[in-house]
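Residue numbers (UniProt numbering): 1 to 227.
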(Lines of atoms letter the chains of each structure in order from A and count residues from 1; the text may use other names and numbers.)
(Lines give C-alpha, C1' and ligand atoms only; values in the text may rest on other atoms or scores of the structure.)
Protein backbone atom coordinates (compact mmCIF):
# COMPACT_ATOMS: atom_id res chain seq x y z
CA UNK A 1 0.00 0.00 0.00
CA UNK A 2 1.36 3.43 -0.95
CA UNK A 3 0.61 6.57 1.05
CA UNK A 4 1.36 10.21 0.27
CA UNK A 5 1.92 12.52 3.27
CA UNK A 6 1.51 16.27 2.74
CA UNK A 7 2.54 18.23 5.82
CA UNK A 8 4.58 21.44 6.03
CA UNK A 9 5.57 20.96 9.68
CA UNK A 10 8.88 19.18 9.10
CA UNK A 11 9.08 17.34 12.42
CA UNK A 12 5.54 15.98 12.13
CA UNK A 13 6.14 15.09 8.47
CA UNK A 14 9.22 13.06 9.39
CA UNK A 15 7.45 11.39 12.33
CA UNK A 16 4.57 10.30 10.10
CA UNK A 17 6.98 9.01 7.43
CA UNK A 18 8.95 6.94 9.90
CA UNK A 19 5.89 5.64 11.72
CA UNK A 20 4.02 4.53 8.60
CA UNK A 21 7.16 3.05 7.03
CA UNK A 22 7.68 0.99 10.20
CA UNK A 23 4.23 -0.52 9.66
CA UNK A 24 5.08 -1.63 6.13
CA UNK A 25 3.61 1.17 4.03
CA UNK A 26 5.38 2.67 1.03
CA UNK A 27 5.52 6.37 1.82
CA UNK A 28 6.16 9.51 -0.20
CA UNK A 29 6.20 12.90 1.51
CA UNK A 30 5.70 16.49 0.40
CA UNK A 31 5.92 19.70 2.41
CA UNK A 32 3.91 21.92 0.08
CA UNK A 33 1.09 21.99 -2.47
CA UNK A 34 3.35 22.13 -5.54
CA UNK A 35 5.35 19.03 -4.62
CA UNK A 36 2.15 17.20 -3.68
CA UNK A 37 0.70 17.91 -7.13
CA UNK A 38 3.85 16.43 -8.69
CA UNK A 39 3.56 13.18 -6.71
CA UNK A 40 -0.18 12.89 -7.38
CA UNK A 41 0.48 13.30 -11.09
CA UNK A 42 3.14 10.60 -11.40
CA UNK A 43 2.05 7.98 -8.87
CA UNK A 44 -1.03 6.07 -7.80
CA UNK A 45 -1.81 6.16 -4.09
CA UNK A 46 -4.04 4.06 -1.89
CA UNK A 47 -4.34 6.92 0.59
CA UNK A 48 -3.39 10.60 0.78
CA UNK A 49 -2.87 12.16 4.20
CA UNK A 50 -2.82 15.94 3.90
CA UNK A 51 -2.79 18.96 6.15
CA UNK A 52 -5.50 21.51 5.39
CA UNK A 53 -3.33 24.63 5.46
CA UNK A 54 -0.20 24.49 3.31
CA UNK A 55 2.26 27.33 2.66
CA UNK A 56 1.31 27.55 -1.01
CA UNK A 57 -2.17 26.06 -1.19
CA UNK A 58 -5.10 24.25 0.30
CA UNK A 59 -5.36 20.57 1.26
CA UNK A 60 -9.06 20.61 0.40
CA UNK A 61 -8.22 21.51 -3.18
CA UNK A 62 -5.71 18.67 -3.27
CA UNK A 63 -8.45 16.37 -2.04
CA UNK A 64 -10.58 17.33 -5.04
CA UNK A 65 -7.69 16.71 -7.44
CA UNK A 66 -7.07 13.27 -5.93
CA UNK A 67 -10.73 12.27 -6.09
CA UNK A 68 -11.12 13.49 -9.68
CA UNK A 69 -8.13 11.38 -10.68
CA UNK A 70 -9.05 8.26 -8.69
CA UNK A 71 -12.24 8.09 -6.65
CA UNK A 72 -10.99 4.94 -4.88
CA UNK A 73 -8.01 6.75 -3.32
CA UNK A 74 -8.82 7.55 0.30
CA UNK A 75 -8.11 11.09 1.52
CA UNK A 76 -7.62 11.93 5.19
CA UNK A 77 -7.45 15.60 6.19
CA UNK A 78 -5.46 16.55 9.29
CA UNK A 79 -5.96 20.05 10.66
CA UNK A 80 -5.58 22.30 13.67
CA UNK A 81 -9.10 23.54 13.00
CA UNK A 82 -11.26 21.99 15.69
CA UNK A 83 -14.63 23.52 14.84
CA UNK A 84 -17.55 21.47 13.57
CA UNK A 85 -17.98 23.60 10.45
CA UNK A 86 -14.46 22.86 9.19
CA UNK A 87 -14.92 19.13 9.63
CA UNK A 88 -18.20 19.24 7.74
CA UNK A 89 -16.63 21.31 4.94
CA UNK A 90 -13.76 18.83 4.54
CA UNK A 91 -16.07 15.80 4.42
CA UNK A 92 -18.44 17.48 1.97
CA UNK A 93 -15.46 18.32 -0.25
CA UNK A 94 -14.70 14.62 -0.69
CA UNK A 95 -12.42 13.76 2.25
CA UNK A 96 -12.96 10.30 3.71
CA UNK A 97 -11.91 11.28 7.21
CA UNK A 98 -10.97 14.35 9.27
CA UNK A 99 -8.50 14.20 12.15
CA UNK A 100 -7.88 17.13 14.47
CA UNK A 101 -4.41 18.10 15.64
CA UNK A 102 -2.83 17.17 17.95
CA UNK A 103 -3.58 13.47 17.49
CA UNK A 104 -2.31 10.16 18.82
CA UNK A 105 -0.33 8.22 16.18
CA UNK A 106 -1.92 4.89 17.14
CA UNK A 107 -5.39 6.33 16.58
CA UNK A 108 -4.29 7.84 13.26
CA UNK A 109 -2.87 4.47 12.21
CA UNK A 110 -6.09 2.66 13.12
CA UNK A 111 -8.17 5.13 11.12
CA UNK A 112 -5.83 4.84 8.12
CA UNK A 113 -6.12 1.04 8.28
CA UNK A 114 -9.91 1.34 8.43
CA UNK A 115 -10.01 3.60 5.37
CA UNK A 116 -7.74 1.27 3.40
CA UNK A 117 -9.76 -1.77 4.45
CA UNK A 118 -12.97 -0.28 3.13
CA UNK A 119 -11.43 1.36 0.09
CA UNK A 120 -12.22 0.57 -3.51
CA UNK A 121 -10.56 -2.04 -5.63
CA UNK A 122 -7.17 -1.68 -7.30
CA UNK A 123 -7.96 -4.34 -9.90
CA UNK A 124 -7.61 -3.30 -13.55
CA UNK A 125 -9.85 -5.15 -16.00
CA UNK A 126 -9.43 -4.66 -19.75
CA UNK A 127 -11.28 -7.14 -21.92
CA UNK A 128 -9.86 -10.59 -21.05
CA UNK A 129 -6.90 -9.12 -19.16
CA UNK A 130 -7.04 -8.70 -15.37
CA UNK A 131 -4.22 -7.02 -13.41
CA UNK A 132 -4.40 -7.25 -9.63
CA UNK A 133 -1.71 -4.98 -8.08
CA UNK A 134 -2.50 -5.97 -4.48
CA UNK A 135 -1.77 -9.65 -5.17
CA UNK A 136 0.81 -9.01 -7.94
CA UNK A 137 -1.23 -11.23 -10.20
CA UNK A 138 -2.11 -11.14 -13.92
CA UNK A 139 -4.84 -13.28 -15.43
CA UNK A 140 -5.52 -13.57 -19.17
CA UNK A 141 -8.44 -15.73 -20.35
CA UNK A 142 -8.54 -17.39 -16.92
CA UNK A 143 -4.82 -18.26 -17.14
CA UNK A 144 -2.42 -16.79 -14.57
CA UNK A 145 0.67 -15.13 -16.06
CA UNK A 146 4.03 -15.30 -14.28
CA UNK A 147 5.23 -11.69 -14.25
CA UNK A 148 6.58 -10.18 -11.03
CA UNK A 149 8.69 -7.34 -9.66
CA UNK A 150 9.51 -4.23 -11.66
CA UNK A 151 8.13 -5.56 -15.00
CA UNK A 152 4.79 -6.11 -13.25
CA UNK A 153 4.89 -2.58 -11.80
CA UNK A 154 5.77 -1.08 -15.21
CA UNK A 155 2.88 -2.93 -16.86
CA UNK A 156 0.49 -1.86 -14.09
CA UNK A 157 1.53 1.80 -14.29
CA UNK A 158 1.12 1.89 -18.07
CA UNK A 159 -2.26 0.15 -17.83
CA UNK A 160 -3.46 2.74 -15.32
CA UNK A 161 -2.36 5.51 -17.68
CA UNK A 162 -3.46 3.77 -20.86
CA UNK A 163 -4.65 7.00 -22.50
CA UNK A 164 -1.19 8.54 -22.16
CA UNK A 165 2.32 8.21 -23.54
CA UNK A 166 4.58 7.72 -20.53
CA UNK A 167 8.27 8.60 -20.78
CA UNK A 168 11.13 6.58 -19.30
CA UNK A 169 11.77 9.36 -16.80
CA UNK A 170 8.15 9.29 -15.63
CA UNK A 171 8.27 5.52 -15.20
CA UNK A 172 11.48 5.78 -13.19
CA UNK A 173 9.99 8.46 -10.91
CA UNK A 174 6.76 6.53 -10.46
CA UNK A 175 8.20 3.07 -9.73
CA UNK A 176 11.78 3.25 -8.47
CA UNK A 177 12.26 4.52 -4.92
CA UNK A 178 15.57 6.20 -5.86
CA UNK A 179 15.32 6.80 -9.62
CA UNK A 180 18.48 8.88 -9.66
CA UNK A 181 20.49 5.76 -8.79
CA UNK A 182 19.41 3.72 -11.81
CA UNK A 183 19.81 4.21 -15.55
CA UNK A 184 16.89 4.48 -18.00
CA UNK A 185 17.83 1.18 -19.64
CA UNK A 186 16.19 -0.64 -16.70
CA UNK A 187 12.90 0.38 -18.31
CA UNK A 188 13.91 -1.28 -21.57
CA UNK A 189 14.81 -4.43 -19.64
CA UNK A 190 11.40 -4.44 -17.91
CA UNK A 191 9.54 -3.85 -21.19
CA UNK A 192 11.47 -6.68 -22.83
CA UNK A 193 10.55 -9.05 -19.99
CA UNK A 194 6.87 -8.14 -20.38
CA UNK A 195 7.04 -8.94 -24.09
CA UNK A 196 8.99 -12.19 -23.60
CA UNK A 197 7.09 -13.56 -20.60
CA UNK A 198 3.60 -12.32 -21.46
CA UNK A 199 3.01 -10.88 -24.93
CA UNK A 200 4.93 -13.47 -26.96
CA UNK A 201 3.51 -16.61 -25.28
CA UNK A 202 -0.04 -15.22 -25.40
CA UNK A 203 0.30 -13.76 -28.91
CA UNK A 204 -0.87 -10.34 -27.76
CA UNK A 205 0.67 -6.87 -27.59
CA UNK A 206 0.31 -4.77 -24.47
CA UNK A 207 2.93 -2.03 -24.81
CA UNK A 208 3.74 0.16 -27.79
CA UNK A 209 7.07 1.98 -28.07
CA UNK A 210 6.61 5.59 -29.15
CA UNK A 211 9.95 6.67 -30.59
CA UNK A 212 11.71 9.40 -28.59
CA UNK A 213 8.67 9.85 -26.35
CA UNK A 214 8.18 6.70 -24.29
CA UNK A 215 5.62 3.91 -24.08
CA UNK A 216 1.87 3.49 -24.35
CA UNK A 217 -0.33 0.67 -23.14
CA UNK A 218 -2.01 -0.55 -26.32
CA UNK A 219 -4.04 -3.65 -25.39
CA UNK A 220 -6.52 -4.47 -26.91
CA UNK A 221 -6.07 -1.91 -29.71
CA UNK A 222 -3.24 -3.85 -31.31
CA UNK A 223 -5.47 -6.90 -31.67
CA UNK A 224 -8.32 -4.98 -33.26
CA UNK A 225 -5.90 -3.19 -35.63
CA UNK A 226 -4.50 -6.48 -36.90
CA UNK A 227 -7.86 -8.09 -37.63
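Glycine included, C-beta positions come from ideal geometry on N, C-alpha and C.
Straight-line CA distance for residue 171 to residue 153? 9 Å
From the DSSP output, which residues share a beta bridge with residue 104? Partner(s): none; residue 104 has no beta bridge.
Using alpha carbons as the reference points, say which of 93, 98, 70, 74 lies closest to residue 83. 98
Around the C-beta of residue 53, are 16 or more other C-beta atoms found within 10 angstroms, so that it is buried, or is it exposed? Taking every protein chain shown into account, the CB of residue 53 has fewer than 16 other CB atoms within 10 angstroms, so this residue is exposed.
Smallest Cα separation from residue 102: which of 51, 26, 173? 51
Run the CB neighbour count on residue 136, radius 10 Å, all protein chains shown included, and call it buried at 16 or more, exposed below. exposed
Pull up the DSSP beta-bridge partners for residue 193, would you. Its beta-bridge partners do not exist; DSSP assigns none.
May I ask you to verify whether the segment 89–97 touches the segment 55–64, counting CB pairs closer than 8 Å and requiring at least 3? yes
Of the residues 208, 217, 21, which one's Cα is nearest the Cα of residue 109? Nearest of 208, 217, 21 to residue 109, Cα basis: 21.
Three-state secondary structure (DSSP) of residue 67: Here residue 67 sits in helix by DSSP.
Write down every uninterrupted run of the alpha helix (DSSP H) in the UniProt domain "Response regulatory" (2–116) whose length is 4 residues or greater and which is fully enclosed by it, in chain order. 10–22, 33–42, 59–69, 84–92
Pop quiz: residue 139 and residue 126 are said to be a contact at Cβ under 8 Å. What is the actual Cβ separation, rounded to whole angstroms? Not a contact, Cβ separation roughly 11 Å.
In chain order, each beta strand (DSSP E) run of at least 3 residues that lies wholly inside the UniProt domain "OmpR/PhoB-type" (121–219): Within the UniProt domain "OmpR/PhoB-type" (121–219), the complete beta strand (DSSP E) segments of 3 residues or longer fall at 124–126, 129–132, 137–140, 143–145, 207–210, 214–217, listed in chain order.
Rounded to whole angstroms, what is the Cα-Cα separation between residue 218 and residue 72? 24 Å
Rounded C-beta distance between residue 285 and residue 70? I'm assuming under 8 Å. The structure shown does not extend to residue 285, since the chain is modelled only from 1 through 227, so no value can be given for it.
If contacts are defined as beta-carbon pairs under 8 Å, then residue 75 and residue 67 qualify, I think. What distance do you get, rounded to the angstrom? 7 Å
Anticipated Cβ contact below 8 Å, residue 198 with residue 112, distance rounded: Going by Cβ atoms, the distance from residue 198 to residue 112 rounds to 34 Å, so no, they are not a contact pair.
Please name the residue in 194, 30, 26, 1 whose C-alpha comes closest to that of residue 9. Ranked by Cα distance from residue 9, the first of 194, 30, 26, 1 is 30.
For residue 39, count neighbouring Cβ atoms within 10 angstroms of its own Cβ and tell me buried if that reaches 16, exposed if not. buried
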